[in-house]
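Visitor: Residue numbering for the sequence shown is 0 to 372, as defined by numbering that gives the first Met the number 0.
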Amino acid sequence: MYDYLVVGAGLFGAVFACEARKAGKQVLVIDKRDHIAGNVYTEDIEGIHVHRYGAHIFHTNDRMVWDYVTKYVDFNRFTNSPVANYKGELYSLPFNMYTFNKMWGVVTPEEAAQKIEEQKREAHITEPKNLEEQAISLVGTDIYEKLIKGYTEKQWGRPCSELPAFIIKRLPVRFTFDNNYFNALYQGIPIGGYTRLVQNMLEGIEVRLREDYLEDREHWNGLADQVIYTGPVDAYFDYCFGTLEYRSVRFETELLDQINFQGNAAVNYTDRETPYTRIIEHKWFEFGKDEKGDDLPKTVISREYSSEWKKGDEPYYPVNDTKNNTLYEKYKKLADKEEKVIFGGRLGEYRYYDMDAVIAGSLKLCRKIFGEN
Ligand code: FAD
Numbered sequence: 000m001y002d003y004l005v006v007g008a009g010l011f012g013a014v015f016a017c018e019a020r021k022a023g024k025q026v027l028v029i030d031k032r033d034h035i036a037g038n039v040y041t042e043d044i045e046g047i048h049v050h051r052y053g054a055h056i057f058h059t060n061d062r063m064v065w066d067y068v069t070k071y072v073d074f075n076r077f078t079n080s081p082v083a084n085y086k087g088e089l090y091s092l093p094f095n096m097y098t099f100n101k102m103w104g105v106v107t108p109e110e111a112a113q114k115i116e117e118q119k120r121e122a123h124i125t126e127p128k129n130l131e132e133q134a135i136s137l138v139g140t141d142i143y144e145k146l147i148k149g150y151t152e153k154q155w156g157r158p159c160s161e162l163p164a165f166i167i168k169r170l171p172v173r174f175t176f177d178n179n180y181f182n183a184l185y186q187g188i189p190i191g192g193y194t195r196l197v198q199n200m201l202e203g204i205e206v207r208l209r210e211d212y213l214e215d216r217e218h219w220n221g222l223a224d225q226v227i228y229t230g231p232v233d234a235y236f237d238y239c240f241g242t243l244e245y246r247s248v249r250f251e252t253e254l255l256d257q258i259n260f261q262g263n264a265a266v267n268y269t270d271r272e273t274p275y276t277r278i279i280e281h282k283w284f285e286f287g288k289d290e291k292g293d294d295l296p297k298t299v300i301s302r303e304y305s306s307e308w309k310k311g312d313e314p315y316y317p318v319n320d321t322k323n324n325t326l327y328e329k330y331k332k333l334a335d336k337e338e339k340v341i342f343g344g345r346l347g348e349y350r351y352y353d354m355d356a357v358i359a360g361s362l363k364l365c366r367k368i369f370g371e372n
């Protein structure tokens, strides 16, 4: 009945389905969740587009991807400028002249650079043995203590002195007054939310929700010539080699009867005592306005807790360490042998991909199958 069955209505699946349809193919999309858009899903709560699976900021240097997404939805001019809260002291991120001025009262780039160099020298670290030493050798003690230590320990659930140094390769410091977190040519949030972006991609395509491919794969395989599978690769093979591990995040979301909770989309809590890593206030991704340009009277916040992942939890960040990468390679060998099924996306390939990379990956596959159009 169908040329393609697409398992998963996230970005990878939606782009593939959209391109297949344009190439004149019959496509069916299924997803086990009760909504489309996968992890970039945004739901409307009191006119606010809430990012249910974590804050998503679109940013890319890839002109082709930017041109592609902006065909389906307009983007606003949101720029990610997170704030760090260390025991009530607020600092600008990423580390820049505003941060250094607040930290040490320095005014010129030269003074700031001197301060960092002084602290690096005093630490006497020649060969960093762990993440703590690595961070201090890159940015000095004050920035490490106030802005890196607590946050990183909460993220990984272990002291920085017990974490390997390689986790932090670089810590960019800017000696300019530039709060823009991403070094990207293009950045923004889809007007109307990410769900609208995916909805527009899937226009005219049959989508069935609350359908788990793995529960009856014979039935689903019988419906289409080829399957694009964007679910977890280890689950597809019944975990025959073992389970691939992830880091998880727990979100505590609250609707508040007030206009403004924290004045910014993202505030990171960089001390060790506050149990959550950050608070997202979703309305500020769209400047606190609804689509008519009116101020939104309420606000929605999400506290994010970094947590250990166990089988059955929502998989968020793949743990791409040697053990898990080796395991993945074994699954990949099996996946490559499947004739009817192509694996793609963050779960199918067990990789952390930003949204632009997932879209580029899906488009690349489409070009291979359908040619340039
Ligand atoms: P998904 O969105 O996960 O889609 C896969 C879909 O397959 C899901 O809907 C799932 O329900 C479905 N599925 C799985 N198994 C089955 C099955 N057996 N049967 C039927 N359906 C199934 N990227 C950025 O560029 N900027 C950001 O700011 C950003 N923030 C992020 C924050 C967090 C917390 C995380 C974890 C990621 C973030 N990302 C960000 C990355 C972004 O989320 C991914 O690039 C994107 O969601 C990947 O899309 P996908 O289609 O591969 O996977």
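Don't be surprised by glycine CBs; every beta carbon is placed ideally from N, CA and C.
#1: Roughly how far, in whole angstroms, is the beta-carbon of K339 from the beta-carbon of Q225, given that I think they are within contact range, below 8 Å?
#2: The beta strand (DSSP E) spanning E251 covers which residue range?
#3: Who does V226 pair with in a DSSP beta bridge?
#4: Ordered along the chain, which non-local residues of its own chain (more than five positions away) have a Cβ less than 8 Å from that of D289?
#5: Roughly how many angstroms lie between the CA atoms of R216 and R51, to the nearest whole one?
#6: Alpha carbons only, please: which of F165, E152, E110, Y150 is nearest the one belonging to L137?
#7: Grouping DSSP H, G and I as helix and E and B as strand, with all else coil, what is K70?
#8: Would the beta-carbon of V197 fall within 9 Å of that of A8?
#9: Which residues in the same chain as H34 place their Cβ atom closer than 6 Å to its Cβ, once the five residues preceding and following it in sequence are excluded?
#10: With burial defined as no fewer than 16 other Cβ atoms inside 10 Å of the residue's Cβ, what is the status of C17: buried or exposed?
#11: Under a Cβ-count criterion, where at least 16 other Cβ atoms within 10 Å of its own Cβ denotes burial, should R76 be classed as buried or exposed?
#12: Taking all protein chains shown into account, do 16 or more other C-beta atoms lie within 10 angstroms of the C-beta of G344, making it buried, or fewer, making it exposed?
#13: Nearest to V248 by CA position, among S306, Y90, I142, is which residue?
#14: Could you give the first and the last residue of the continuous alpha helix (DSSP H) run that contains R195?
#15: Could you name the residues of the same chain whose beta carbon sits closer than 7 Å to that of V318, not counting the 5 residues immediately before and after it, in chain order?
#16: Note down, one range per segment and in chain order, each alpha helix (DSSP H) of at least 4 residues found wholly within the region 146-173.
Guide: Straight from the coordinates:
#1: One-based indexing of the sequence shown puts residue 339 at position 340. One-based indexing of the sequence shown puts residue 225 at position 226. Right, their Cβ atoms sit about 6 Å apart.
#2: Here the question's residue 251 lines up with position 252 in the sequence shown. In the DSSP annotation of this structure, the continuous segment of the beta strand (DSSP E) that includes E251 starts and ends at 245-255.
#3: Indexing the sequence shown from 1 puts residue 226 at position 227. Per DSSP, L4, V340.
#4: Against the sequence shown, residue 289 aligns to sequence position 290. Closer than 8 Å at the Cβ level, and outside the excluded window around D289, lie G46, L295.
#5: As a first step, residue 216 is located in the sequence shown; it is residue number 217 there, counting from the start. As a first step, residue 51 is located in the sequence shown; it is residue number 52 there, counting from the start. Taken atom to atom, the span from the alpha-carbon of R216 to that of R51 is near 28 Å.
#6: Numbered from 1 along the sequence shown, position 138 holds the residue referred to as residue 137. Comparing Cα-Cα distances from L137 to each of F165, E152, E110, Y150, the minimum goes to F165.
#7: Looking up residue 70 in the sequence shown gives position 71. Assignment of K70 by DSSP, reduced to helix, strand and coil, places it in the helix class.
#8: The residue labelled residue 197 in the question sits at position 198 within the sequence shown. The residue labelled residue 8 in the question sits at position 9 within the sequence shown. Against a cut-off of 9 Å, the Cβ pair of A8 and V197 comes out as a contact.
#9: Start at 1 with the first residue of the sequence shown, and residue 34 comes out as number 35. So the list reads Y40, once near-sequence residues are dropped.
#10: Here residue 17 corresponds to residue number 18 of the sequence shown, with the count starting at 1. Around the CB of C17, 16 or more other CB atoms lie within 10 Å, so the residue is classed as buried.
#11: For this step, residue 76 is matched to residue 77 along the sequence shown. Counting other Cβ atoms within 10 Å of its Cβ, R76 stays below 16 and is therefore classed as exposed.
#12: Residue mapping note: residue 344 aligns to position 345 of the sequence shown, counting from 1. It is buried - the Cβ of G344 has at least 16 other Cβ atoms within 10 Å.
#13: Against the sequence shown, residue 248 aligns to sequence position 249. Closest in C-alpha terms to V248, from the list S306, Y90, I142, comes S306.
#14: Start at 1 with the first residue of the sequence shown, and residue 195 comes out as number 196. R195 -> alpha helix (DSSP H) spans 193-200.
#15: Taking the sequence shown and counting its residues from 1, one reaches residue 318 at position 319. Once the five neighbours on either side are set aside, the close Cβ partners of V318 are E244, Y245, R246.
#16: As far as the region 146-173 is concerned, its whole alpha helix (DSSP H) runs of at least 4 residues are 148-155.
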